[in-house]
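Undergrad:
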Amino acid sequence: MDKTQLLSKLWEQYAEITPSAKKIHDLLEQKGEEIKNDHIAIRTFNDNRINITVLERLFVNLGYEAKGEYHFESKKLFAKHYEHATDQNAPRIFISELELEKCSPELQATVKNILDSCDQKLFDHPELVLSGTVWNANSHATYQFLLAESEYAAWMYVYGFRANHFTINTNALKGFATLQDLNAFLEDNGWKLNASGGKIKGTPEQLLEQSSTLADLHIVNFEEGALEIPSCYYEFALRYPMANGELYQGFIASSADKIFESTDVQLQHNK
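In my numbering, the protein residues as written are 12 to 282.
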């Protein structure tokens, strides 16, 4: 699989449970915009079988290089971002993992049991990042247990290995001078934005502004019955030039911390 095929499959898998992303994509294209991706985000646990070191291999083999590292203390997350060595138009890759050792023993045991229940050979598959849930994720009780401590863990249990969000490169849009303009356009067309920490996270002084929709609701068939669970969201990023004139390429941990909340169940209830 080459880079183009991988990115295409990640988009198809993401759009299947995030119909709003395709609608926003089409809406902007109808205005004459050419959509470019700023970055794609992926989630995992820091278990040695499936941690960042495991998931990054496919991207590194396709020419990506590790760049920044980020810590999210309150959410017990660690993340790294990657940039392609030769293709400046390739989207950045952002992989985060839940630091299990910082979680309760009960959550650690639950995640271990989930992973132990799998055919362990699945974790060696080179395209694990496209595999979705390789475990049996049909227990609403397990989802609720994880959700009580970590929304991230609960999301990972239900959706597994896939793109958690794609991000529109706002710098590449012709008809929107600011992120405020893009947000207003989206809201005028009926989309709800993540307002946690403000609708725009980051500042020009920090060299990066970000906003996002709230995650779509996707029907999940648990053994206890079918329920709507927040799936994925669409993000929008505007980058500013550094002192050398080049656009800032990294991420702001405090902003990303609030962007993570786009899949939060509580935000859905506050719509």
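Virtual Cβ for every residue (Gly too), placed ideally from N, Cα, C.
1. Assign Ile-181 to buried or exposed, taking buried as 16 or more other Cβ atoms, counted over all protein chains shown, within 10 Å of its Cβ.
2. Using the C-alpha atoms, what's the distance from Lys-203 back to Lys-282?
3. Measure from the alpha carbon of Lys-78 to the alpha carbon of each residue in Leu-133, Leu-197, His-95, then state which is nearest.
4. For the stretch 224 to 244 and the stretch 169 to 185, state whether three or more C-beta atom pairs, one from each stretch, are separated by less than 8 angstroms.
5. Is it the case that the stretch 180 to 196 contacts the stretch 37 to 49, given that we only count it when at least three CB pairs across the two stretches are under 8 angstroms?
6. Where does Asp-58 fall in DSSP's three states?
7. Do Thr-121 and Phe-156 have their C-beta atoms within less than 8 angstroms of each other?
8. Check for me: the beta strand (DSSP E) holding Asp-107 runs from which residue to which?
9. Could you compute how far the alpha carbon of Thr-55 sits from the alpha carbon of Ser-115?
10. Would DSSP call Asp-13 helix, strand or coil?
11. So within the stretch 97 to 162, which uninterrupted alpha helix (DSSP H) runs reach at least 4 residues, ignoring any that extend past its ends?
12. Using C-beta distances below 6 angstroms, list every residue in its chain close to Leu-258, excluding the 5 sequence neighbours before and after it, in chain order.
TA: Straight from the coordinates:
1. If you number the sequence shown from 1, residue 181 lands on position 170. Checking the sequence shown, residue 181 turns out to be Thr, not Ile. It is buried - the Cβ of Thr-181 has at least 16 other Cβ atoms within 10 Å.
2. If you number the sequence shown from 1, residue 282 lands on position 271. If you number the sequence shown from 1, residue 203 lands on position 192. With a pLDDT of 47 at Lys-282, under the threshold of 50, the modelled position of this residue cannot be trusted; read the value that follows with caution. Just so you know, the alpha carbons of Lys-282 and Lys-203 end up roughly 7 angstroms apart.
3. Counted from its first residue, the sequence shown places residue 78 at position 67. When only C-alpha atoms are compared, the closest one is His-95.
4. yes
5. yes
6. Position 47 of the sequence shown, counting from 1, holds the residue named residue 58. If DSSP states are grouped into helix, strand and coil, Asp-58 belongs with coil.
7. Along the sequence shown, read from residue 1 onward, the residue named residue 121 stands at position 110. Along the sequence shown, read from residue 1 onward, the residue named residue 156 stands at position 145. In contact: Thr-121 and Phe-156 (Cβ atoms closer than 8 angstroms).
8. As a first step, residue 107 must be located in the sequence shown, where it is residue number 96. The amino acid occupying residue 107 in the given sequence is Ser; Asp does not appear at that position. Looking at the DSSP string, the run of the beta strand (DSSP E) that includes Ser-107 is 103 to 109.
9. As a working mapping, residue 55 is identified with position 44 in the sequence shown. As a working mapping, residue 115 is identified with position 104 in the sequence shown. Whole-angstrom Cα-Cα distance: 17 angstroms.
10. Stepping through the sequence shown from its first residue, residue 13 is reached at position 2. Here Asp-13 sits in coil by DSSP.
11. 116 to 127, 151 to 160
12. To locate residue 258, count along the sequence shown from 1; it is residue 247. Closer than 6 angstroms at Cβ, skipping near neighbours: Arg-250, Pro-252.
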